[in-house]
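Quick note, in this note's numbering, the sequence shown goes up one by one and the last residue is 485.
Note that CB positions come from ideal geometry on N, CA and C, so glycine has one too.
Remember, it's a predicted structure, so these values are computed and weren't measured experimentally.
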Amino acid sequence: FRDLQKIGYSEPEVKAIANQWVIEQPTINPETGEAATRKNIPSDRFPSPFANEVAARAANNNALPPDLSLITKAREEGTAYVHSLLTGYTDQPAALLKQFPDIKTPEGLYYNPYFANLNIAMPPPITADDQVAYADGTKATKEQMSADVSAFLTWTAEPNLESRHAVGVASILFILVFCGLAWGAYQNVWRDVKH
Numbered sequence: 291f292r293d294l295q296k297i298g299y300s301e302p303e304v305k306a307i308a309n310q311w312v313i314e315q316p317t318i319n320p321e322t323g324e325a326a327t328r329k330n331i332p333s334d335r336f337p338s339p340f341a342n343e344v345a346a347r348a349a350n351n352n353a354l355p356p357d358l359s360l361i362t363k364a365r366e367e368g369t370a371y372v373h374s375l376l377t378g379y380t381d382q383p384a385a386l387l388k389q390f391p392d393i394k395t396p397e398g399l400y401y402n403p404y405f406a407n408l409n410i411a412m413p414p415p416i417t418a419d420d421q422v423a424y425a426d427g428t429k430a431t432k433e434q435m436s437a438d439v440s441a442f443l444t445w446t447a448e449p450n451l452e453s454r455h456a457v458g459v460a461s462i463l464f465i466l467v468f469c470g471l472a473w474g475a476y477q478n479v480w481r482d483v484k485h
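(1) Residues in its own chain within less than 6 Å of Gly368 by CB, not counting five upstream and five downstream?
(2) Rounding to the nearest angstrom, what Cα-Cα distance links Ala325 and Phe340 in this structure?
(3) Does the contact criterion of 3 or more C-beta pairs under 8 Å hold for the stretch 337-353 versus the stretch 421-439?
(4) Based on the DSSP secondary-structure assignment, which residues constitute the bridge partners of Arg328?
(5) Under DSSP, the alpha helix (DSSP H) around Tyr299 begins and ends at which residues?
(6) Between Asn319 and the rest of its own chain, which residues show a CB-CB distance below 6 Å, the 5 nearest in sequence each way excluded?
(7) Using the beta-carbon count (16 or more within 10 Å), is Asn309 buried or exposed?
(8) Measuring straight from C-alpha to C-alpha, what distance separates Tyr401 and Val422?
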């Protein structure tokens, strides 16, 4: 949870988000040795919404959901891929069904042309405008919500990307200045030497 400070949340806000998170952290009661749960604290990781793999498959049409924290790094053009996947749910095109009548989308799956095999077990997560309310008054359109989810997943995959870019630019500037000084020193030292 503490990484949320890197995207602009204050420490009290992060504590409040962690404390109010629906899924609590699994722990063991030290007095009885039995399984228990506790409220989240900022140093905790986001807890899994599923107790185990069996529960995850049961909730997702027997498909194990991927760890989305790295999905934008795992796919080419990852941010665009996630955005397209979220907004790409449609009915199967009639032309496709006409050409290939045997490939009708199976029961419990959803047609999405941006998914590798065209059929995905995840139901459309963004089904209508205004599913969320933005504090700054931004209109919550499907496109906006999808862009925000894509940007957030890109950040989760690379939380230090902006600072690495800043270090890279500073390093290149340092190297350019150093090369200029080295060239000037070379010209000064070898100026009077005949070659």
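Reading from the atomic positions:
(1) Closer than 6 Å at Cβ, skipping near neighbours: Thr362.
(2) Approximately 16 Å between the Cα atoms of the pair.
(3) With the cut-off at 8 Å, the stretch 337-353 and the stretch 421-439 do not touch.
(4) In the DSSP output, where bridge partners are listed per residue, Arg328 has Gln315.
(5) The continuous stretches of alpha helix (DSSP H) do not include Tyr299, and DSSP gives it neither H nor E.
(6) Around Asn319: Ala326.
(7) Counting Cβ neighbours within 10 Å, Asn309 comes out exposed, since fewer than 16 surround it.
(8) Those two C-alpha atoms are separated by around 24 Å.
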